[in-house]
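Novice: Residue numbers (this note's numbering), protein chains in the order written: chain A, 1 to 375; chain B, 1001 to 1238.
I'd like to ask some things about the structure below.
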């Protein structure tokens, strides 16, 4: 670093410009990862929060499983008894529109992502306020996004068209959503009323159905036989995220933007250090003539690259975090340490790769050019 | 005419205790029809403490002589000995190390690094060799004083005059206590008065520190400062 540090100080204008570009890319990187995790949370935080490992869907439903799949009572009973299955229970999923018909915000229109489950199952919510679910009471437990509209415990909502009455019995004070819609938990019969749009008594057939079988499987459990017997297919919980509306498109768009960003930054860093190395050609020849091994010059140059990248990325990340924290709550935005670390790490890593390609030309400089009038 | 090879005193000194010895060195550049003989059976012995000047027009092979003597280029045939080591028998890596430890270069227009102060220019060769210690720092200060730049120790090249730069280059070359000092056109950027000053300083340091010094120049006015003068024409030394 003998020369690298002094060059950094001497050519600080040029390096500051380069550092500013990297820092701005780091800011953008943090904001994009925040937006990506925010969008992912809005899409699937409800599914992520479920204490299960897999979901089994009707094998005929190969996409948008949550709206297309129907499973029967025999299916979850069969799954319960299968080897390697710790727990299996019915799970219902449906999107519903409702209106506040009793409460402070009377007339307010509310979108609900309704998750149906047995009140005594581990899937059922533990409300921060109010009570939990009960069978057959038409009660629901709402989450923060719905509460933010002014809906409170004790209010009554009425579903559009079917006119099924829903009594808000509890609140989970967390943002839990599915497909960008706030989740409301309901007991299975209430969920079935909403799902089939049927107020009053449910037909016997409907009472034996759900969307999927929520499963907790042992590690490495072989479930091919039970899949075959029930005509269902078990997906890991993470694989079901793709079934959430818009999730795949959003995450691939964000990944594409981030990919381009990293590629651009690697190219910019590579271009800068190419020009810088070409400019230093006479100096490099001199160093070699003075007896510096190529490794010494390469180490010096790479230390400089890493110093610039780490410094600029750290600065940009700090600015990005400061900006990002003002966005939380106003946009689908959430900052997670691993995502920010990955983004910053990739920026440094790929920038170094770009610069390595550039400083590699140090090896080709002939010390002989130090002799004669080279300057 | 490679008369110097028969200089008995120089030959024994060069082979024994150090100095520079070129024996029947030929360097051919390019190949086939475009081949050029840059050095044609050159022999040269320079004893420690001896200052040899090589004059000649440009294109006569002077720079090739320095390149081969300084281990920057391998001769097509012949041998080069430096401080008792056969430079031409070494691997590329060993030659680089030999350059670092036993050879001092003073380049045309001094060739300093723009971001380093005078003092740092001197410390660099020892940092490269991993020997940057208190003794090295003391030696740098001593050399800066010897070339009369104490008041400029913290200046960078763009703040120095041509003469000061050249003196910095000389001091840097002497930092590693080299056995051989190779000087390339030291006066190309200097006026008449400063040229004489610069070459006198080189002669003085050569005698004081016992380096075997070879200076190539096309400036015949400065050659009388040297102990011996050779003329180079078409790759031959006379």
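Every residue, glycine too, gets a C-beta built ideally from N, C-alpha and C.
(1) Name, in chain order, the residues that DSSP records as bridge partners for residue 187 of chain A.
(2) Out of A:165, A:64, A:140, point me to the one whose CA is closest to residue 240 of chain A's CA.
(3) So which residues of chain A does residue 1057 of chain B contact, with C-beta pairs closer than 9 Å?
(4) Against residue 1086 of chain B, what residues of chain A qualify as contacts under a CB-to-CB distance less than 8 Å, listed in chain order?
(5) Which residues does DSSP pair with residue 177 of chain A in a beta bridge?
(6) For residue 173 of chain A, which residues of its own chain have a beta-carbon under 6 Å away from its beta-carbon, when the five flanking residues on both sides are left out?
(7) Determine, using beta carbons only, whether residue 335 of chain A and residue 43 of chain A come nearer to each other than 8 Å.
(8) Assign residue 1073 of chain B to buried or exposed, taking buried as 16 or more other Cβ atoms, counted over all protein chains shown, within 10 Å of its Cβ.
(9) Going by DSSP, name the residue or residues bridged to residue 1215 of chain B.
(10) Would you list, in chain order, the members of the region 282 to 306 of chain A that have their beta-carbon closer than 8 Å to a beta-carbon of chain B?
(11) Starting from residue 1108 of chain B, trace the beta strand (DSSP E) both ways and give me its first and last residue.
(12) Straight-line CA distance for residue 357 of chain A to residue 295 of chain A?
(13) Runs of 3 residues minimum, wholly inside the region 69 to 120 of chain A: which ones carry the beta strand (DSSP E) assignment?
(14) Sorted by chain position, which residues of the same chain lie with C-beta nearer than 6 Å to residue 367 of chain A's C-beta, five sequence neighbours on each side aside?
(15) Let's test the definition: count the other Cβ atoms within 10 Å of the Cβ of residue 1024 of chain B and tell me whether it reaches 16, buried, or not, exposed.
(16) Would residue 133 of chain A and residue 187 of chain A be called neighbours here (beta carbons separated by less than 8 Å)?
(17) For residue 1230 of chain B, which residues does DSSP report across the bridge?
(18) In the DSSP output, what is residue 1045 of chain B paired with across the bridge?
(19) Can you tell me whether residue 213 of chain A sits near the ligand ZN, meaning its C-beta is under 7 Å from at least one heavy atom of the ligand?
(20) Evaluate residue 344 of chain A with the Cβ neighbour count: other Cβ atoms within 10 Å of its Cβ, from every protein chain shown; 16 or more gives buried, anything less gives exposed.
(21) Can you confirm whether the region 1208 to 1225 of chain B touches the region 1169 to 1181 of chain B when touching is taken to mean that 3 or more C-beta pairs between the two stretches lie within less than 8 Å?
(22) Would you check if there are 3 or more beta carbon pairs closer than 8 Å linking the region 201 to 215 of chain A to the region 84 to 91 of chain A?
(23) According to DSSP, is residue 1086 of chain B part of a helix, a strand, or is it coil?
(24) Roughly how many angstroms lie between the CA atoms of residue 1033 of chain B and residue 1082 of chain B, to the nearest whole one?
(25) Can you tell which of A:169, A:101, A:270 has its C-alpha closest to the C-alpha of residue 163 of chain A?
(26) Among residues of its own chain, excluding the 5 on either side of residue 1143 of chain B, which ones have a beta-carbon nearer than 8 Å to its beta-carbon?
(27) So which residues on chain A does residue 1081 of chain B lean against when the C-beta distance must stay under 9 Å?
(28) Can you tell which of B:1230, B:1112, B:1133 has its C-alpha closest to the C-alpha of residue 1046 of chain B?
(29) Count the C-beta pairs between the region 1220 to 1227 of chain B and the region 1196 to 1209 of chain B that are closer than 8 Å, then say yes if the count reaches three, no if not.
(30) Contact between the region 8 to 26 of chain A and the region 233 to 248 of chain A is defined here as three or more beta-carbon pairs at a separation below 8 Å; is this criterion met?
(31) I need the boundaries of the alpha helix (DSSP H) containing residue 1143 of chain B, first residue and last residue.
(32) If you draw a straight line from the alpha carbon of residue 1215 of chain B to that of residue 363 of chain A, how long is it in whole angstroms?
(33) Nearest chain A C-beta to residue 1099 of chain B closer than 8 Å, yes or no?
(34) Please confirm if residue 1120 of chain B has its CB atom under 8 Å from at least one CB of chain A.
(35) Looking at chain A, is there any beta carbon in it that lies within less than 8 Å of the beta carbon of residue 1073 of chain B?
(36) When you compare the region 22 to 30 of chain A with the region 260 to 274 of chain A, are there three or more beta-carbon pairs, one atom per stretch, that lie closer than 8 Å?
Specialist: By the coordinates alone:
(1) Along the first chain, one-based indexing puts residue 187 of chain A at 187. Answer by DSSP bridge pairing, in chain order: A:117.
(2) Locating residue 240 of chain A in the first chain gives position 240, where the first residue counts as 1. Among A:165, A:64, A:140, the Cα nearest to that of residue 240 of chain A belongs to A:64.
(3) Numbered from 1 along the second chain, position 57 holds the residue referred to as residue 1057 of chain B. Result: empty, since nearest Cβ-Cβ is about 14 Å, beyond 9 Å.
(4) Within the second chain, the letter at position 86 stands for residue 1086 of chain B. Going along chain A, no residue has its Cβ under 8 Å from residue 1086 of chain B, so there is no contact; the nearest lies around 18 Å.
(5) Taking the first chain and counting its residues from 1, one reaches residue 177 of chain A at position 177. The partner list for residue 177 of chain A (beta bridge, DSSP) reads A:182.
(6) Indexing the first chain from 1 puts residue 173 of chain A at position 173. Here the set comprises 128, 144.
(7) The residue you call residue 335 of chain A lines up with position 335 of the first chain. The residue you call residue 43 of chain A lines up with position 43 of the first chain. Not a contact, by the Cβ cut-off of 8 Å.
(8) The residue you call residue 1073 of chain B lines up with position 73 of the second chain. By the neighbour-count rule (16 or more Cβ atoms within 10 Å), residue 1073 of chain B is buried.
(9) Taking the second chain and counting its residues from 1, the one referred to as residue 1215 of chain B is at position 215. Looking at the DSSP assignment, residue 1215 of chain B forms a beta bridge with B:1053, B:1183.
(10) 282, 283, 286, 287, 288, 289, 290, 291, 292, 293, 296
(11) The count along the second chain starts at 1 and reaches residue 1108 of chain B at position 108. Per DSSP, residue 1108 of chain B belongs to no beta strand (DSSP E) and is neither H nor E.
(12) To locate residue 357 of chain A, count along the first chain from 1; it is residue 357. To locate residue 295 of chain A, count along the first chain from 1; it is residue 295. C-alpha separation (whole angstroms): 15 Å.
(13) 85 to 102, 109 to 117
(14) Counting from 1 along the first chain, the entry for residue 367 of chain A is found at position 367. The answer, listed in chain order, is 285, 288, 289.
(15) Indexing the second chain from 1 puts residue 1024 of chain B at position 24. Answer is exposed; the Cβ neighbour count stays below 16.
(16) For the purposes of this step, residue 133 of chain A is taken as residue 133 along the first chain, with counting starting at 1. For the purposes of this step, residue 187 of chain A is taken as residue 187 along the first chain, with counting starting at 1. Yes, these two residues count as a Cβ contact at 8 Å.
(17) Within the second chain, residue 1230 of chain B is the residue found at index 230, counting from 1. DSSP output for residue 1230 of chain B lists B:1054 as bridge partner(s).
(18) Within the second chain, numbered from 1, the residue matching residue 1045 of chain B stands at position 45. Bridge partners of residue 1045 of chain B: B:1021.
(19) Ligands in the displayed structure: none, and consequently the ligand ZN is not present.
(20) Residue mapping note: residue 344 of chain A aligns to position 344 of the first chain, counting from 1. Flag for residue 344 of chain A reads buried.
(21) yes
(22) yes
(23) Position 86 of the second chain, counted from the start, is the residue given in the question as residue 1086 of chain B. Three-state DSSP puts residue 1086 of chain B in a strand.
(24) Start at 1 with the first residue of the second chain, and residue 1033 of chain B comes out as number 33. Start at 1 with the first residue of the second chain, and residue 1082 of chain B comes out as number 82. Approximately 33 Å between the Cα atoms of the pair.
(25) Mapped onto the first chain, residue 163 of chain A falls at position 163. The candidate whose alpha carbon is nearest that of residue 163 of chain A is A:101.
(26) Here residue 1143 of chain B corresponds to residue number 143 of the second chain, with the count starting at 1. For residue 1143 of chain B, where only same-chain residues beyond five positions count, the Cβ hits under 8 Å are 1122, 1171, 1174, 1175.
(27) Start at 1 with the first residue of the second chain, and residue 1081 of chain B comes out as number 81. Correct list: empty, because the minimum Cβ distance to chain A is about 18 Å.
(28) Working through the second chain from its first residue, we reach residue 1046 of chain B at position 46. Taking only the C-alpha atoms, the option nearest residue 1046 of chain B is B:1230.
(29) yes
(30) no
(31) Start at 1 with the first residue of the second chain, and residue 1143 of chain B comes out as number 143. Start and end: 1134 to 1146.
(32) As a position in the second chain, residue 1215 of chain B is number 215, starting the count at 1. As a position in the first chain, residue 363 of chain A is number 363, starting the count at 1. Their Cα atoms are separated by approximately 29 Å.
(33) Walking along the second chain from the start, residue 1099 of chain B turns up at place 99. It does; some Cβ of chain A falls within 8 Å.
(34) Here residue 1120 of chain B refers to the residue found at position 120 when the second chain is read from its first residue. Yes - at least one Cβ of chain A is within 8 Å of the one on residue 1120 of chain B.
(35) Residue mapping note: residue 1073 of chain B aligns to position 73 of the second chain, counting from 1. Closer than 8 Å: yes.
(36) yes
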